[in-house]
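**Student:**
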Amino acid sequence: MEGPQRCAFHLLLQSAEQDSSQEQHGPVEEILTLEEAANLYTASSSERPLVAVTSTHWEVVTKTVEQAAQESTSAAASTTSTATESDAPQQTGVQLDEYLKDLLNWQRPLASDGHWPRYEDYADRDYDPNRWEAFKLEDGYYKSGTKRLPSDEADALKIDSPYPDYRSEQWKRRWKGDFVPCEGPRGIELTDSIEDSVRVYPGVPPNFPKPLVGSSAAIGLADNICVDRLQRYGPYGYNPLLRFPISIVDWDNVDWGELQNKCLGRNKERFAPHARVRPAMKPDFANQDPVDETLHEEIRREEPDPPEGEPQYEPRTAVLIRTWEGYDYSQNDVLAIRAMVSELALRTGGTYQVFLFVNIKDRGMPIHTSPAAYDHMLAKTVPRELRSIAVLWNEDMVQRMYPLVGDWQVYWHQYMPVQWFAETHPQFDYVWNWEVDVRSIGNHFHLLDRLGDFAAKQPRKYLWERNARFFIPSHHGDDFSAFAKASNAIIAESAAAGNITPVWGPQPFSPLTTPLGPTPPTAESADDFTWGVGEEADFITLLPMWDPIHTFWTMKNKVWNFSPGIAPSFTAEHPTDDGFYHPYLDTMPRRGFINTVTRLSRRLLRAMHAENRAGRTTQAEMWPSTAALHHGLKAVYAPHPVYSGHTWPGRYADLVFNADGGIGGRWGQERDSIYNQDREVNFRDWSWYYHAGFPRVLYRRWMGWRARDAAGEFGGTEWEEGERGPGGRMCLPPMLLHPVKRGDLELV
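Heads up: the sequence shown begins at 1 in the UniProt record's numbering, then just goes up one per residue.
1) State buried or exposed for Tyr233, treating a residue as buried only when at least 16 other CB atoms are found within 10 Å of its CB.
2) Quick check on the DSSP output: the alpha helix (DSSP H) that includes Phe539 runs from which residue to which?
3) If Val418 and Asn394 are in contact, beta carbons under 8 Å, what's the gap, nearest whole angstrom?
4) Which one or two residues does DSSP pair with Ala635 in a beta bridge?
5) DSSP state of Gly140, grouped into three classes?
6) Which partner residues of Cys226 appear in the DSSP bridge assignment?
7) Pair every Cβ in the stretch 221-236 with every Cβ in the stretch 462-480, then say whether three or more of these pairs are closer than 8 Å.
8) Which class does Ala390 belong to by DSSP, given the choice of helix, strand or coil?
9) How about His274 and Glu314: are their beta carbons less than 8 Å apart?
10) Helix, strand or coil for Leu378, going by three-state DSSP, please let me know.
11) Excluding five sequence neighbours on each side, which residues of the same chain lie with their C-beta closer than 6 Å to the C-beta of Glu325?
12) Taking Tyr652 as the reference, give the member of Val354, Pro473, Ser151 and Ile389 with the closest Cα.
13) Is it true that the CB of Ala607 sits closer than 8 Å to the CB of Leu633?
14) For Gln102, count neighbouring Cβ atoms within 10 angstroms of its own Cβ and tell me buried if that reaches 16, exposed if not.
15) For Arg322, which option in Pro162, Leu392, Gly477 and Gly722 has the closest C-alpha, if you only look at C-alpha atoms?
16) For Asp578, which option in Ala567, Asp586 and Ser487 has the closest C-alpha, if you only look at C-alpha atoms?
17) Using three-state DSSP, classify Ala345 as helix, strand or coil.
18) On the DSSP letters alone, give me the boundaries of the beta strand (DSSP E) that Phe714 sits inside.
19) Indicate whether the contact test is met: 3 or more Cβ pairs, each with one atom in the stretch 666-680 and one in the stretch 502-513, closer than 8 Å.
20) Please state whether the Cβ-Cβ distance between Pro202 and Ser144 is less than 8 Å.
21) Taking the straight line between their C-alpha atoms, what separation do you get for Ser168 and Arg450?
22) What span of residues does the alpha helix (DSSP H) with Phe694 cover, start to end?
23) Just to confirm my understanding: we take His425, look at its own chain, exclude 5 residues before and 5 after, and list those with CB closer than 6 Å. What are they?
24) Less than 6 Å between C-beta atoms, sequence neighbours within five positions excluded: which residues of the same chain meet that for Asp178?
25) Could you please give me the residues that DSSP links to Asn312 through a beta bridge?
26) Kindly list the residues whose CB is nearer than 7 Å to the CB of Pro164, restricted to its own chain and excluding five residues on each side of it in sequence; keep chain order.
27) Taking 8 Å as the threshold (C-beta atoms), are Met416 and Asn612 in contact?
28) Under a Cβ-count criterion, where at least 16 other Cβ atoms within 10 Å of its own Cβ denotes burial, should Ala455 be classed as buried or exposed?
29) Taking Ser494 and Gly664 to be in contact with their CB atoms under 8 Å, please state how far apart those CB atoms are, rounded to whole angstroms.
30) Nearest to Trp412 by CA position, among Phe570, Leu320, Thr348 and Met365, is which residue?
31) Can you give me the start and stop residues for the alpha helix (DSSP H) that Asn488 sits inside?
32) Could you check the C-alpha separation between Thr554 and Pro639 for me, to the nearest Å?
33) Put Ala455 into one of helix, strand or coil per three-state DSSP.
34) Near Lys147, what residues of its chain come up, given a Cβ to Cβ distance below 6 Å and the 5 sequence neighbours on each side ignored?
35) Return the Cβ separation of Ala422 and Leu543 in integer angstroms, given the expectation that the two are a contact with Cβ distance under 8 Å.
36) Using 10 angstroms around the beta-carbon of Gln260, count the other beta-carbons present and answer buried if the total reaches 16, otherwise exposed.
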């Protein structure tokens with residue numbers, strides 16, 4: 001979700017006085033007004049004050065990391081990898097200062113030519129958000145053709161089937177009912193249809209780049225396969241004559257909604273009675289009142305769970321693909337949606353169900369009171385093939401549901417309609433909020449299943465603190481468990497020093513709040529990282545969660561009514577009310593995250609719904625995480641593999657993305673936060689970030705299209721087979737790419 005940006009500037013001024021009776025004061029923050037900042041930035045570079053970071057700051061960081069690594073090594077002596085960086089030996093604070101000084105002494109372009117941040121503004125500073133642009137371009141992605149695979153792997157395509165063994169005794173002991181295969185778009189049961197199956201290569205091209213942050217191993221994602229575009233999308237209608245002899249499907253007449261419902265019917269005994277009901281695809285036109293807050297929960301409470309120790313009903317998950325009125329669906333969009341329905345819903349026997357969740361921007365169109373208006377907008381805004389899985393909504397509906405909030409723009413409140421969906425669709429225990437410009441190179445079920453499994457395994461102790469830290473294998477080592485132990489050691493040390501107070505249980509803003517989450521079973525000190533292990537997460541993000549209060553993140557004060565009546569006010573003159581502030585915001589617990597592709601539990605959605613009914617909320621990229629924090633619900637950042645178009649030194653990446661202001665355990669949460677507007681530019685070359693350009697380039701070239709980046713403009717089938725090409729069609733391992741916008745999908 002792209003939000004409005006606001007510049008905020010500060011200077012670090014060393015205190016001129018020293019109290020002989022106390023320790024030396026640390027750097028003092030001087031906050032400039034926007035007018036002062038604007039004047040400062042129009043001054044010549046020689047007139048501009050500079051920001052200085054003392055070596056003391058780096059000494060604190062280094063000491064903490066060294067101690068944590070030593071403790072981790074001791075605690076995990078049996079492992080082959082520790083949580084120390086692998087690209088350089090440990091250094092003292094002074095050495096780190098010199099390391100940064102040397103690294104930041106680079107040949108900047110002489111003129112910005114509209115580039116932001118301006119190169120010249122950082123010539124004499126202690127940090128430079130543009131430095132990564134001069135790192136070596138990573139060309140290994142473009143040497144990943146199928147012809148570069150070992151001959152035995154290139155000729156050994158295999159069906160990709162990362163699904164559980166539904167017929168195993170282990171599965172049957174855990175879950176009720178029998179798995180029944182479902183039909184696909186060709187009218188054949190998918191377990192018997194080679195034509196409907198994605199095939200992959202058993203291996204990865206030699207020297208394929210490693211992720212910059214996260215890893216496949218960390219979350220259990222397959223890292224020993226790759227797939228080209230023909231195998232990935234062939235079953236779903238991409239160039240059928242090139243893949244192998246395959247039946248031609250009349251895709252316009254495929255009823256994806258009916259296929260999903262028939263699949264659910266075949267497998268109904270696996271799911272609780274309320275979860276077997278076909279989902280409502282249209283509103284109850286006769287009911288003009290807001291959603292009954294108790295009806296659906298009463299239905300669920302009337303159904304007793306099977307006794308403990310006996311097979312249980314499987315939970316169901318809805319996947320909402322967000323689109324909007326006026327969106328121009330490309331053929332590539334449709335290929336990706338077909339893959340999602342097939343891989344998530346049909347091949348799991350109904351464990352998932354996929355919906356197209358369409359925002360009708362015309363609030364004057366009575367889609368929730370008039371069947372004719374609803375049908376008109378459905379036909380107008382959604383391709384014929386996808387209409388049977390589409391659910392329409394608009395801002396008027398959420399305003400009627402949450403009248404006390406005072407603002408209902410989807411730009412700020414993307415989760416309000418998700419809460420409405422959960423209230424009107426009690427079949428689902430979880431909801432994935434998905435974006436249409438996301439592409440999963442690997443199997444969608446495998447990805448979401450591994451993310452959920454990783455999240456369930458995480459202990460609650462220090463979880464909120466660990467959630468803020470990026471796992472950088474080139475610096476921390478490949479072993480995520482060792483990295484987690486080292487992170488725990490840093491958190492414990494910082495807590496013992498009185499620098500931080502780890503979260504333990506609900507953190508309600510008001511003592512009048514009744515948390516919906518559990519009370520910790522023991523004191524924090526008595527817990528040996530066991531509470532929460534095996535507990536499904538209420539909230540899963542794909543980037544860290546962090547406390548924004550001490551950062552310059554532009555969204556941090558977009559908070560409504562946690563102090564009654566105190567909220568931003570959007571007007572024509574101030575459409576984003578960037579100057580909004582109130583002192584209570586300095587103490588209100590909250591957590592931010594970037595990108596709303598997330599999984600939410602029904603329990604969390606109920607908490608968010610109740611808060612919104614009372615008028616309380618925050619901007620979307622704080623809302624689920626803040627509600628989870630207040631109510632004591634389990635929230636997890638899952639470190640999936642994220643790649644970069646440049647080769648970053650691991651040590652530098654850690655200093656940039658895990659900057660902590662010299663306070664252990666406060667990664668990304670102080671004045672040097674990576675989420676500050678100018679520092680955020682470091683994400684531009686990532687494969688997963690809302691304003692990144694790299695995903696577009698990588699995806700276009702993988703699809704066989706030309707693309708332009710710093711290395712030039714190239715791509716296409718001739719390039720693939722040429723001397724400088726990748727050696728055949730590019731073969732990528734499972735990864736997520738975002739954003740891949742509509743304009744990136746044209747054959748130009």
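Every residue gets a Cβ at the ideal spot worked out from N, C-alpha and C, and that includes glycine.
**Tutor:** So, to answer that:
1) buried
2) It is not in any alpha helix (DSSP H) - Phe539 instead sits in the beta strand (DSSP E) that spans Phe539 to Thr541.
3) Incorrect: roughly 14 Å between the Cβ atoms, too far for contact.
4) Answer is Phe539.
5) helix
6) Tyr201.
7) no
8) strand
9) no
10) helix
11) Ile360, Lys361 and Thr381
12) Pro473
13) Closer than 8 Å, so yes.
14) Note that residue 102 is Asp in the sequence shown, not Gln. Label assigned to Asp102: exposed.
15) Leu392
16) Ala567
17) Ala345 falls in the helix class under three-state DSSP.
18) Gly712 to Gly715
19) In this structure the stretch 666-680 does not touch the stretch 502-513; the number of beta carbon pairs closer than 8 Å is below three.
20) no
21) 20 Å
22) Bounds of the alpha helix (DSSP H) holding Phe694 are Phe694 to Trp702.
23) Pro279
24) none
25) Asn is not the amino acid found at residue 312; the sequence shown has Gln there. Note: Gln312 sits in a beta bridge opposite Trp175.
26) Trp171
27) In this structure, Met416 lies closer than 8 Å to Asn612 by Cβ.
28) buried
29) 3 Å
30) Phe570
31) Phe480 to Ala496
32) 24 Å
33) helix
34) Gly727 and Gly728
35) The Cβ separation is near 23 Å, so there is no contact.
36) buried
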